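Q: This is the structure I want to talk about, given as structure tokens.
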Amino acid sequence: MPFFRKNPITSLAAIAGCITLLVLPGLFALNKRESHQPFFYNAAQLITSFLFMLLPAALFYRNIKLYLYLLLILIIPSTLFIFSIYYFDVWPGFEMVVLSLQTNLTEVREIGAGYVKWYLPLTIVYVVLYLLCVKALPFKRISLFAAISISVLSCLVIGWKLRFEKHLYKFNNYDLLNRYYPASVASGIAQAYSILKKNNLSAAGNFSFGAYKKDSLPHRQIYLFIIGEASRYDRWQVNGYDSVTSPRLAVREGLLSFPDVISGSNLTWMSVPQMITRATPDNIDLQFKEKSIITAFKEAGFRTAWLSNQSDKEIFWGGTINLHAKTADAAVFSPTQSPNFELEDYYDERLLPLLDSIINIDNRDLFIVLHTMGNHWDYARRYPEDFDYYQPSGYTTSINPPDMSSRLAISNSYDNSILYADYVIDSAIDIINRHNALSYVMYLSDHGDDLFDASEEQIDFHLKASPITLHVPLFLWTSPLYNQVHGFKTAQLAQNRDKKIGSENTFFSLLDLANIDFKGNDLTKSIASPSFSGSIQKFFDNDDRKAYYYKDLLE
Numbered sequence: 001m002p003f004f005r006k007n008p009i010t011s012l013a014a015i016a017g018c019i020t021l022l023v024l025p026g027l028f029a030l031n032k033r034e035s036h037q038p039f040f041y042n043a044a045q046l047i048t049s050f051l052f053m054l055l056p057a058a059l060f061y062r063n064i065k066l067y068l069y070l071l072l073i074l075i076i077p078s079t080l081f082i083f084s085i086y087y088f089d090v091w092p093g094f095e096m097v098v099l100s101l102q103t104n105l106t107e108v109r110e111i112g113a114g115y116v117k118w119y120l121p122l123t124i125v126y127v128v129l130y131l132l133c134v135k136a137l138p139f140k141r142i143s144l145f146a147a148i149s150i151s152v153l154s155c156l157v158i159g160w161k162l163r164f165e166k167h168l169y170k171f172n173n174y175d176l177l178n179r180y181y182p183a184s185v186a187s188g189i190a191q192a193y194s195i196l197k198k199n200n201l202s203a204a205g206n207f208s209f210g211a212y213k214k215d216s217l218p219h220r221q222i223y224l225f226i227i228g229e230a231s232r233y234d235r236w237q238v239n240g241y242d243s244v245t246s247p248r249l250a251v252r253e254g255l256l257s258f259p260d261v262i263s264g265s266n267l268t269w270m271s272v273p274q275m276i277t278r279a280t281p282d283n284i285d286l287q288f289k290e291k292s293i294i295t296a297f298k299e300a301g302f303r304t305a306w307l308s309n310q311s312d313k314e315i316f317w318g319g320t321i322n323l324h325a326k327t328a329d330a331a332v333f334s335p336t337q338s339p340n341f342e343l344e345d346y347y348d349e350r351l352l353p354l355l356d357s358i359i360n361i362d363n364r365d366l367f368i369v370l371h372t373m374g375n376h377w378d379y380a381r382r383y384p385e386d387f388d389y390y391q392p393s394g395y396t397t398s399i400n401p402p403d404m405s406s407r408l409a410i411s412n413s414y415d416n417s418i419l420y421a422d423y424v425i426d427s428a429i430d431i432i433n434r435h436n437a438l439s440y441v442m443y444l445s446d447h448g449d450d451l452f453d454a455s456e457e458q459i460d461f462h463l464k465a466s467p468i469t470l471h472v473p474l475f476l477w478t479s480p481l482y483n484q485v486h487g488f489k490t491a492q493l494a495q496n497r498d499k500k501i502g503s504e505n506t507f508f509s510l511l512d513l514a515n516i517d518f519k520g521n522d523l524t525k526s527i528a529s530p531s532f533s534g535s536i537q538k539f540f541d542n543d544d545r546k547a548y549y550y551k552d553l554l555e
């Protein structure tokens, strides 16, 4: 290599530059998640990650630079990988792939707004540096023997290490590969594709609950289930918070708040299916094999509606939530100006006239779901300015990007969004109450949000399972007529109020409260039943797609 001999510093710098830029996301990931491990452990992990990139060497021995140019597919998103690792502790693998697939451009805009000004220039610099390093490499071709040796040696080392770790840690193949960047990206795509293939309700086509009403009451029945978004239990005044965030619900007669309720997941696409179907953390795929609470109410003779302030236009994939939602007799989602762009702010109160219209237009018994935007980031965009009570807030100062300097404004914005959610929930109860029907209104949030709780330097939102992101508010209001007709159930609700409750109780409780029975019913899971035994409180962790006990997070 004459060039190498003439320009050793330039040549070494080019080689070192290529290697560094290729493995830098993996280095950030190790520093973030494995910093407690010994140096030699992390060095071995990083070397193994690099060996994955050397595997195809034998195929490109004639033109190594061509292979390095092909690796631009990893270089271009490298700053995105580093950004997600550093700010949100999201590994470039399955979790990132799924979050990317199921987002919409509104969420991209809200979360990324504060970072774009430096993200794009850094990406350009990163790519240009890599291209310069590749161009400056002192060689284009290596011998076939050397190339085969590199590929075989890399394969042997990787194979031995994976086999050793699989035996030691009992990992499955996905879990093993997810530990090594860039193999984690390929593994994440493969794992997401396997889920995407089954993300339909074809297996539930002929499914029936055999649901039926256990009574034939003369009263009209209207039951409302409100799904909250990113609402944490401890920020509600009605739950003991020392700021005024729920003044309306705090004085609402007939309302119960349940103190010990956890979500089935810290991610919406996994938690909501556990509310509306019989899927559980131990049997999460049941959401694909059975129909939802919508179908059960329809079988029992109810008209159904799903009114959502969330989009059904995710960029690629929305999980099963919208699949089940669209089985309702009427389904309405957030308006969009184009298939993937939501350019305006739509507040949750837009659902209230729709709710009132459906009740007035259709005199039959109704089961309605309101799926709100609730307290989802960007918090200051979840409420109109009239509710900007606590300041400074996102209305008075920038909270993008979220950092320690804007911590108070972020916290105040979140509290204001709770104050607005209180208004929306109470207004929905008012609408139902005006009709003097046999009614209940249940509110349950899909998960909470971490507001610098896990780290004083970083907001985690709901990316990781924790007591903050899993402990959620559950409110239940029953109408005067309901209390009169079903006094026994309301007494049981009060008696079961302090028991442990999980998302898996929602499906059974909603039907039991409506006095609906079905094949396979299990009243030990209904909070309105005297046989309610309490939940074991498990949650589904999306990182490794396994079920864990919530109590283990508290230890």
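Counted from 1, the sequence shown has number 459 at position 459 by my numbering; the numbering is strictly sequential.
The beta-carbon is built from N, C-alpha and C at its ideal position, and this holds for glycine as well.
Predicted, not measured: the structure shown is a model, and the values here were computed from it.
1. Just to confirm the assignment, what range does the beta strand (DSSP E) spanning T478 have?
2. Excluding the 5 residues preceding and the 5 following S509 in the sequence, name in chain order all residues of the same chain whose CB lies nearer than 7 Å to its CB.
3. Please give me, in chain order, every unbroken run of the alpha helix (DSSP H) with length at least 4 that falls completely inside the region 340-406.
4. With I226 as the anchor, note down where its beta strand (DSSP E) starts and where it stops.
5. Is it buried or exposed for H562, if we count other Cβ within 10 angstroms and need 16 for buried?
6. Does G159 come out as helix, strand or coil in the three-state DSSP assignment?
7. Just the C-alpha distance for L355 and L255, rounded to the nearest angstrom, thanks.
8. DSSP three-state call for I284: helix, strand or coil?
9. Out of V128, S149, F475, state which residue places its alpha-carbon closest to the alpha-carbon of Y61.
10. Put Q458 into one of helix, strand or coil per three-state DSSP.
11. Compute the distance between the beta-carbons of R220 and A380, then report whether it is under 8 Å.
12. Going by DSSP, what residue range makes up the beta strand (DSSP E) through S308?
13. Quick check on the burial criterion: 16 or more other C-beta atoms within 10 angstroms. Buried or exposed for V152?
14. Would you call the region 33-42 and the region 160-170 touching, i.e. three or more CB-CB distances under 8 Å?
15. Considering only heavy atoms of the ligand GTP, does any lie closer than 7 Å to the CB of L554?
16. How is H324 classed by DSSP in three states: helix, strand or coil?
17. Tell me the rounded alpha-carbon separation between C133 and F139.
18. What's the C-alpha gap between S84 and V90?
19. Compute the distance between the beta-carbons of S334 and Q310, then report whether it is under 8 Å.
20. Can you look up G439 in the DSSP assignment and give me helix, strand or coil?
21. Could you tell me which whole alpha helix (DSSP H) segments of length 4 or greater appear in the region 63-151?
22. Enumerate in chain order the residues of its own chain whose CB-to-CB distance from S271 is below 7 Å, with the five nearest sequence positions on each side excluded.
23. Here's a check: name, in chain order, each residue in its chain whose Cβ is nearer than 6 Å to the Cβ of I536, leaving out the five neighbours to either side.
24. Determine, using beta carbons only, whether I226 and I410 come nearer to each other than 8 Å.
25. Based on the DSSP secondary-structure assignment, which residues constitute the bridge partners of L256?
26. Could you give the residue range of the alpha helix (DSSP H) that holds A585?
27. Any idea if S184 is buried or exposed, counting beta-carbon neighbours within 10 angstroms, 16 or more meaning buried?
28. Based on DSSP bridge pairs, tell me the residues matched to S445.
29. Please say whether P281 and F539 have beta carbons closer to each other than 8 Å?
30. When burial is assigned at 16 or more other CB atoms within 10 Å of the CB, is V472 buried or exposed?
31. Is the Cβ-Cβ distance between V369 and L307 less than 8 Å?
32. Among residues of its own chain, excluding the 5 on either side of L572, which ones have a beta-carbon nearer than 6 Å to its beta-carbon?
33. If you check the beta carbons only, do F94 and G188 fall under 8 Å apart?
34. Just the Cα atoms here: how many angstroms apart are A14 and F461?
35. Who are the near neighbours of S481 in its chain, counting only those whose CB is closer than 7 Å to its CB and skipping five residues on each side?
36. Work out the CA separation of R364 and A325 for me, nearest whole Å.
A: The short version:
1. Within the sequence shown, numbered from 1, the residue matching residue 478 stands at position 478. 474-478 is the span of the beta strand (DSSP E), which, as asked, contains T478.
2. Here residue 509 corresponds to residue number 509 of the sequence shown, with the count starting at 1. So the list reads S526, I527, A528, once near-sequence residues are dropped.
3. Fully enclosed alpha helix (DSSP H) runs of no fewer than 4 residues occupy 351-361 of the region 340-406, in order along the chain.
4. If you number the sequence shown from 1, residue 226 lands on position 226. It spans 221-228 - the beta strand (DSSP E) in which I226 sits, taken as one unbroken run.
5. What is shown of the chain runs 1 to 555, which leaves residue 562 out entirely.
6. Within the sequence shown, numbered from 1, the residue matching residue 159 stands at position 159. G159 falls in the helix class under three-state DSSP.
7. Position 355 of the sequence shown, counted from the start, is the residue given in the question as residue 355. Position 255 of the sequence shown, counted from the start, is the residue given in the question as residue 255. The alpha-carbon atoms of L355 and L255 are separated by roughly 20 Å.
8. Residue mapping note: residue 284 aligns to position 284 of the sequence shown, counting from 1. In this structure, I284 counts as coil in the three-state DSSP scheme.
9. Position 61 of the sequence shown holds residue 61. Ranking the options by Cα distance to Y61, first place goes to S149.
10. To locate residue 458, count along the sequence shown from 1; it is residue 458. The three-state reading of DSSP puts Q458 in strand, counting E and B together.
11. What you label residue 220 is simply residue 220 of the sequence shown in a count that begins at 1. What you label residue 380 is simply residue 380 of the sequence shown in a count that begins at 1. No. Outside cutoff.
12. Sequence index remark: in the sequence shown, residue 308 carries index 308 (1-based). Looking at the DSSP string, the run of the beta strand (DSSP E) that includes S308 is 303-308.
13. Reading the sequence shown from its first residue, position 152 is the one you call residue 152. Exposed: under 16 other Cβ atoms inside 10 Å.
14. These segments do not touch.
15. With respect to small molecules bound, the structure shown includes none, and the ligand GTP cannot be examined in it.
16. Taking the first residue of the sequence shown as 1, we reach residue 324 at position 324. Residue state, collapsed to three classes: helix.
17. What you label residue 133 is simply residue 133 of the sequence shown in a count that begins at 1. What you label residue 139 is simply residue 139 of the sequence shown in a count that begins at 1. Going from the Cα of C133 to the Cα of F139 covers about 12 Å.
18. If you number the sequence shown from 1, residue 84 lands on position 84. If you number the sequence shown from 1, residue 90 lands on position 90. Inter-residue distance for S84 and V90 is about 5 Å (C-alpha atoms, whole angstroms).
19. Translated into positions along the sequence shown, residue 334 becomes position 334. Translated into positions along the sequence shown, residue 310 becomes position 310. Going by C-beta atoms, S334 is nearer than 8 Å to Q310.
20. The residue you call residue 439 lines up with position 439 of the sequence shown. Reading the sequence as shown, one finds Ser at residue 439 and not Gly. In the structure shown, S439 sits in a strand (DSSP, three-state: E or B).
21. With a minimum length of 4 residues, the continuous alpha helix (DSSP H) runs that stay inside the region 63-151 are 64-70, 72-75, 78-88, 94-102, 105-112, 116-135.
22. By one-based count along the sequence shown, residue 271 stands at place 271. Once the five neighbours on either side are set aside, the close Cβ partners of S271 are S263, G264, S265, D446, H447, S503.
23. As a working note, residue 536 is residue 536 in the sequence shown. Excluding sequence positions up to five before and after I536, its CB lies less than 6 Å from no other CB in the same chain.
24. On the sequence shown, residue 226 is found 226 positions in, with the first residue counted as 1. On the sequence shown, residue 410 is found 410 positions in, with the first residue counted as 1. One thing to note: I226 has its Cβ no nearer than 8 Å to the Cβ of I410.
25. Working through the sequence shown from its first residue, we reach residue 256 at position 256. Looking at the DSSP output, L256 sits in a beta bridge with L476.
26. Any property of residue 585 remains undetermined from this structure, which presents the chain solely from 1 to 555.
27. Residue mapping note: residue 184 aligns to position 184 of the sequence shown, counting from 1. Counting the other Cβ atoms within 10 Å of the Cβ of S184 gives 16 or more, which makes it buried.
28. Numbered from 1 along the sequence shown, position 445 holds the residue referred to as residue 445. The partner list for S445 (beta bridge, DSSP) reads G228.
29. Taking the sequence shown and counting its residues from 1, the one referred to as residue 539 is at position 539. Taking the sequence shown and counting its residues from 1, the one referred to as residue 281 is at position 281. With contacts defined as CB atoms closer than 8 Å, F539 and P281 qualify as a contacting pair.
30. If you number the sequence shown from 1, residue 472 lands on position 472. Under the 10 Å beta carbon count, V472 is surrounded by 16 or more other beta carbons and is classified as buried.
31. Indexing the sequence shown from 1 puts residue 369 at position 369. Indexing the sequence shown from 1 puts residue 307 at position 307. Cβ distance < 8 Å, so V369 and L307 count as in contact.
32. Residue 572 lies beyond the residue range present for the chain, which begins at 1 and ends at 555; the question has no answer from this structure.
33. The residue given as residue 94 occupies position 94 in the sequence shown. The residue given as residue 188 occupies position 188 in the sequence shown. Between F94 and G188, the C-beta spacing is below 8 Å.
34. Residue numbering aside, residue 14 sits at position 14 when the sequence shown is read from its first letter. Residue numbering aside, residue 461 sits at position 461 when the sequence shown is read from its first letter. The alpha-carbon atoms of A14 and F461 are separated by roughly 39 Å.
35. In the sequence shown, the residue the question calls residue 481 occupies position 481. In the sequence on display, residue 481 carries Leu and not Ser. Taken in chain order, the residues that qualify are H219, N436, A437, L438.
36. For this step, residue 325 is matched to residue 325 along the sequence shown. For this step, residue 364 is matched to residue 364 along the sequence shown. Rounded to the nearest angstrom, the two C-alpha atoms are 20 Å apart.
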